[in-house]
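Residue numbers (my numbering), protein chains in the order written: chain A, 26 to 353; chain B, 26 to 353. For each residue, glycine too, the CB sits at the ideal point set by N, CA and C. Predicted model, so just to flag it, every value in this text is computed and none were measured.
Take a look at the structure:
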């Protein structure tokens with residue numbers, strides 16, 4: 026054995042924050058067999074559809090140990106998958122976690138920390154770890170396969186010309202946070218708004234809001250790769266275009282002064298973008314206000330293709346980069 | 026962009042062998058929304074349980090491009106997950122695939138090749154790709170989250186003292202194949218039995234046999250980490266011991282001459298080990314003979330703990346290494 030930690034000890038350390046062990050047969054609601062068995066076995070709810078999403082974070086690509094704590098990485102990996110379930114109007118139920126471990130003296134500490142951040146978020150949303158995989162790797166990685174249930178899952182494809190574009194959450198903060206952490210910003214990190222750093226390290230998936238919106242939203246996407254890129258996915262799937270009014274975009278002053286491009290294409294916002302029939306806009310906004318989720322009408326879907334930006338009533342060119350290419 | 030390939034082109038290349046595209050809304054039986062949407066949506070069968078498994082292969086840990094073709098890697102990643110579903114008596118239905126891409130001029134070719142091997146195996150077993158994720162990484166990796174359905178899923182925990190240990194498939198060939206490929210064996214690769222190389226590169230999950238066994242097997246595990254290690258998992262979960270008769274182990278002559286340890290702890294066999302009540306042993310063997318799956322009674326579960334090996338009726342010490350530690 027040439028690593029400092031064996032697999033079973035690492036699995037034990039990872040399971041502990043979830044209140045689980047390798048002996049645990051059943052781990053939560055609907056779970057017939059949990060991480061202690063070869064496969065996980067769960068009982069899906071009668072008459073509901075299953076909504077599936079896999080997301081992965083990789084060391085030096087998505088996170089850097091210089092500014093991420095292990096708990097941040099665990100939190101963010103699960104948050105990314107839950108955000109997609111939220112867009113789809115799915116109730117989070119279960120998840121699998123595949124861990125790539127770079128062996129070293131701190132492997133146990135990192136695994137335990139990742140699990141701690143992940144377990145706290147999982148608990149808040151009633152999403153249960155049911156299985157996983159551990160392998161040695163040249164870099165740390167964590168991939169989450171999340172399963173949710175929905176009666177009427179929302180997809181990207183339900184927008185129609187005339188629908189309002191409603192944005193839940195905020196744009197640009199996470200990208201600003203990353204810029205500040207990297208020290209590439211004009212201000213030193215110490216003067217950074219803690220909210221931006223937090224948005225980068227600990228994004229909060231809008232699970233409750235995604236469910237509360239119900240059938241008032243007819244299409245949705247979560248903003249992980251950049252607002253314009255993800256909105257473009259809805260346009261493409263719905264075969265329509267979109268018009269976004271920059272004056273309506275809710276921008277944190279720090280984001281505004283750093284540049285609106287951060288909000289348009291910065292990514293990792295885990296905001297939600299909804300297509301909403303005109304008669305449903307007011308009821309939706311009022312429903313979201315009741316659960317204290319910031320929601321703003323920022324434009325509308327239009328006939329045709331592509332996205333047009335308006336500022337002061339006039340067209341404004343799109344930024345060069347619409348969002349993240351995950352191989353770039 | 027500093028890579029030679031963009032994300033969308035790579036996704037297109039990966040989806041093509043599956044007959045899918047990013048526009049595809051529905052991709053197969055029970056699929057309401059496929060890889061073209063944010064989340065996958067599937068319709069589980071009424072009254073059946075959902076069986077879940079995630080497995081991951083990593084470049085330079087599980088495979089080496091010097092002897093693996095991309096199609097081998099794609100095949101093997103899915104085969105590993107299907108083998109676990111087979112042990113659990115689950116019918117394969119859907120899977121998600123998370124791809125770690127090491128950017129380079131051959132990235133498109135590798136992605137297309139991996140998908141080709143994976144798609145061919147998926148098609149044979151009626152398992153449908155419904156979603157995935159692509160990220161840049163320092164090494165290629167492929168993780169498969171497979172979903173199956175079962176009315177009565179088998180776990181590791183159902184063995185009782187007195188049950189027969191029935192082995193489906195063969196042991197040691199895959200490990201011999203790896204040794205030969207690595208050139209560490211005593212014989213040159215050119216004299217290697219092609220079956221051993223094939224067992225390493227293209228293991229066949231015993232899906233049909235796992236389903237055919239039905240309730241004749243009361244516990245099961247698939248042999249991925251080594252026969253003794255995986256059998257030990259059944260013993261631990263079932264709170265009993267096991268006695269294995271080496272004279273009964275079906276060994277390929279090449280494996281026998283390379284050393285029985287390859288069969289006992291070599292791993293990656295994707296054989297199945299069943300616990301079978303004494304009255305069910307003959308019916309099970311005959312049922313498996315009809316579908317041409319090699320199956321052998323190799324020992325029995327006993328009261329107590331741990332595994333005992335017998336040879337010529339006498340105890341024989343366990344090898345030092347029982348199987349793979351995935352962090353070692």
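How would you list, in chain order, the residues of chain A whose beta-carbon sits under 7 Å from the beta-carbon of residue 71 of chain B? The residue labelled residue 71 of chain B in the question sits at position 46 within the second chain. Ordered by position in chain A, the residues that pass the 7 Å Cβ test against residue 71 of chain B are 71.
Nearest to residue 73 of chain A (by Cα), restricted to the options A:224, A:348, A:116 and A:347: Here residue 73 of chain A refers to the residue found at position 48 when the first chain is read from its first residue. Shortest Cα-Cα distance from residue 73 of chain A to any of A:224, A:348, A:116 and A:347 involves A:116.
Which residues share a DSSP beta bridge with residue 75 of chain A? Counted from its first residue, the first chain places residue 75 of chain A at position 50. Paired residues: A:174 and B:67.
Quick check: the segment 164-171 of chain A against the segment 179-191 of chain A, are there 3 or more CB pairs under 8 Å? no
At least one CB of chain B closer than 7 Å to the CB of residue 163 of chain A: is that the case? Within the first chain, residue 163 of chain A is the residue found at index 138, counting from 1. By this cut-off, residue 163 of chain A is an interface position.
One question on the structure: do residue 133 of chain B and residue 41 of chain B come within less than 7 Å of each other, judged by their Cβ atoms? Numbered from its first residue, the second chain carries residue 133 of chain B at position 108. Numbered from its first residue, the second chain carries residue 41 of chain B at position 16. Not in contact: residue 133 of chain B and residue 41 of chain B (Cβ atoms no closer than 7 Å).
Using DSSP's beta-bridge definition, name the partner residues of residue 316 of chain A. The count along the first chain starts at 1 and reaches residue 316 of chain A at position 291. Bridge partners of residue 316 of chain A: none, in fact.
For residue 120 of chain A, the nearest candidate out of A:180, A:327 and A:140 (CA to CA): What you label residue 120 of chain A is simply residue 95 of the first chain in a count that begins at 1. The shortest Cα separation from residue 120 of chain A among A:180, A:327 and A:140 belongs to A:140.
Considering residue 97 of chain A, what are the terminal residues of the alpha helix (DSSP H) in which it resides? Position 72 of the first chain, counted from the start, is the residue given in the question as residue 97 of chain A. First-last of the alpha helix (DSSP H) with residue 97 of chain A: 95-112.
Can you tell which of B:105, B:90 and B:175 has the C-alpha that lies nearest to the C-alpha of residue 138 of chain B? By 1-based counting over the second chain, the position of residue 138 of chain B is 113. Checking every option, the nearest Cα to that of residue 138 of chain B belongs to B:90.
How close, in whole Å, do the beta carbons of residue 340 of chain B and residue 347 of chain B come, if the pair is a contact with beta carbons under 8 Å? Locating residue 340 of chain B in the second chain gives position 315, where the first residue counts as 1. Locating residue 347 of chain B in the second chain gives position 322, where the first residue counts as 1. About 16 Å; that fails the 8 Å criterion.
Backbone CA spacing between residue 143 of chain B and residue 105 of chain A [nearest angstrom]: Taking the second chain and counting its residues from 1, one reaches residue 143 of chain B at position 118. Taking the first chain and counting its residues from 1, one reaches residue 105 of chain A at position 80. Approximately 26 Å between the Cα atoms of the pair.
May I ask you to verify whether the segment 173-182 of chain A touches the segment 122-131 of chain A, counting CB pairs closer than 8 Å and requiring at least 3? no
Contact list for the segment 131-162 of chain B against chain A, Cβ threshold 9 Å: Residues of the segment 131-162 of chain B that bring their beta carbon within less than 9 Å of a beta carbon in chain A comprise 132, 155, 156, 157, 158, 159, 160, 161 and 162, in sequence order.
Which residues, in order along the segment 178-190 of chain B, keep a beta-carbon less than 8 Å from a beta-carbon of chain A? 178, 180, 181 and 182
Can you list, in chain order, the stretches of the beta strand (DSSP E) that have 3 or more residues and sit fully within the segment 252-276 of chain B? Runs of the beta strand (DSSP E) inside the segment 252-276 of chain B: 266-270.
Since residue 352 of chain B and residue 159 of chain A should fall inside the 8 Å C-beta cutoff, what is the C-beta to C-beta distance between them, to a whole number of angstroms? Here residue 352 of chain B refers to the residue found at position 327 of the second chain. Here residue 159 of chain A refers to the residue found at position 134 of the first chain. Rounded, the Cβ-Cβ distance is 7 Å, consistent with contact.
Contact set for residue 84 of chain B: own chain, Cβ-Cβ below 6 Å, skip 5 residues either direction: By one-based count along the second chain, residue 84 of chain B stands at place 59. If we look at residue 84 of chain B and ignore the five residues flanking it on each side, its Cβ neighbours are 164 and 165.
Is there at least one Cβ from chain A nearer than 7 Å to residue 37 of chain B's Cβ? Taking the second chain and counting its residues from 1, one reaches residue 37 of chain B at position 12. Taking Cβ atoms only, chain A never reaches closer than 7 Å to residue 37 of chain B, which makes this a no.
To the nearest angstrom, how far is it from the Cα of residue 208 of chain B to the Cα of residue 228 of chain A? Within the second chain, residue 208 of chain B is the residue found at index 183, counting from 1. Within the first chain, residue 228 of chain A is the residue found at index 203, counting from 1. For residue 208 of chain B and residue 228 of chain A, the distance between alpha carbons rounds to 49 Å.
Round the Cβ separation of residue 267 of chain B and residue 274 of chain B to the nearest angstrom and send it over; I've been treating them as touching at under 8 Å. On the second chain, residue 267 of chain B is found 242 positions in, with the first residue counted as 1. On the second chain, residue 274 of chain B is found 249 positions in, with the first residue counted as 1. With 8 Å as the limit, residue 267 of chain B and residue 274 of chain B do not qualify as a contact, their Cβ atoms being about 13 Å apart.
Would you kindly check if the distance between the Cβ of residue 251 of chain B and the Cβ of residue 194 of chain B is under 7 Å? Here residue 194 of chain B is taken as the residue at index 169 of the second chain, counted from 1. Here residue 251 of chain B is taken as the residue at index 226 of the second chain, counted from 1. No.
For the beta strand (DSSP E) containing residue 229 of chain B, name the first residue and the last one. Your numbering for residue 229 of chain B matches position 204 in the second chain. Residue 229 of chain B -> no beta strand (DSSP E), and no H or E assigned at all.
Distance check for residue 282 of chain A and residue 81 of chain B, CA to CA, integer angstroms please. The sequence position of residue 81 of chain B within the second chain is 56, counting from 1. The sequence position of residue 282 of chain A within the first chain is 257, counting from 1. Straight-line Cα distance between these residues: approximately 43 Å.
Let me know if residue 345 of chain A comes out buried or exposed under the rule of 16 or more other beta-carbons within 10 Å of its beta-carbon. As a position in the first chain, residue 345 of chain A is number 320, starting the count at 1. That one is exposed.
Would you give the residue range spanned by the alpha helix (DSSP H) that residue 280 of chain A belongs to? Locating residue 280 of chain A in the first chain gives position 255, counting from the first residue. According to the DSSP assignment, residue 280 of chain A belongs to the alpha helix (DSSP H) that extends over 278-283.
Using a Cβ-Cβ cutoff of less than 6 Å, which residues in the same chain neighbour residue 109 of chain B once the five nearest sequence positions on both sides are dropped? Against the second chain, residue 109 of chain B aligns to sequence position 84. Excluding sequence positions up to five before and after residue 109 of chain B, its CB lies within less than 6 Å of the CB of 78 and 247, all in the same chain and listed in chain order.
Rounding to the nearest angstrom, what Cα-Cα distance links residue 270 of chain A and residue 235 of chain B in this structure? As a working note, residue 270 of chain A is residue 245 in the first chain. As a working note, residue 235 of chain B is residue 210 in the second chain. Cα to Cα, the separation comes out at about 58 Å.
Three-state secondary structure assigned by DSSP to residue 127 of chain A: Here residue 127 of chain A is taken as the residue at index 102 of the first chain, counted from 1. Annotated three-state conformation of residue 127 of chain A is coil, per DSSP.
Going along chain B in order, which residues have a C-beta closer than 8 Å to the C-beta of residue 166 of chain A? Here residue 166 of chain A is taken as the residue at index 141 of the first chain, counted from 1. Result: 125, 162 and 166.
My guess is that residue 181 of chain B and residue 62 of chain A are in contact by the Cβ rule of under 8 Å, so how many angstroms apart are they, rounded? Against the second chain, residue 181 of chain B aligns to sequence position 156. Against the first chain, residue 62 of chain A aligns to sequence position 37. That pair is a contact at about 6 Å.
Short Cβ contact (7 Å threshold) for residue 64 of chain B with residue 113 of chain A: To locate residue 64 of chain B, count along the second chain from 1; it is residue 39. To locate residue 113 of chain A, count along the first chain from 1; it is residue 88. Yes.
If residue 45 of chain A sits next to residue 118 of chain A, beta carbons under 8 Å apart, how far is it from one beta carbon to the other, in whole angstroms? Here residue 45 of chain A refers to the residue found at position 20 of the first chain. Here residue 118 of chain A refers to the residue found at position 93 of the first chain. Not really, about 16 Å apart at Cβ, beyond 8 Å.
One question on the structure: do residue 280 of chain A and residue 287 of chain A come within less than 7 Å of each other, judged by their Cβ atoms? Stepping through the first chain from its first residue, residue 280 of chain A is reached at position 255. Stepping through the first chain from its first residue, residue 287 of chain A is reached at position 262. A Cβ-Cβ contact shorter than 7 Å links residue 280 of chain A with residue 287 of chain A.
Identify the continuous alpha helix (DSSP H) that holds residue 144 of chain A and give its terminal residues. In the first chain, residue 144 of chain A corresponds to position 119, counting from 1. That run of the alpha helix (DSSP H) goes 132-149.
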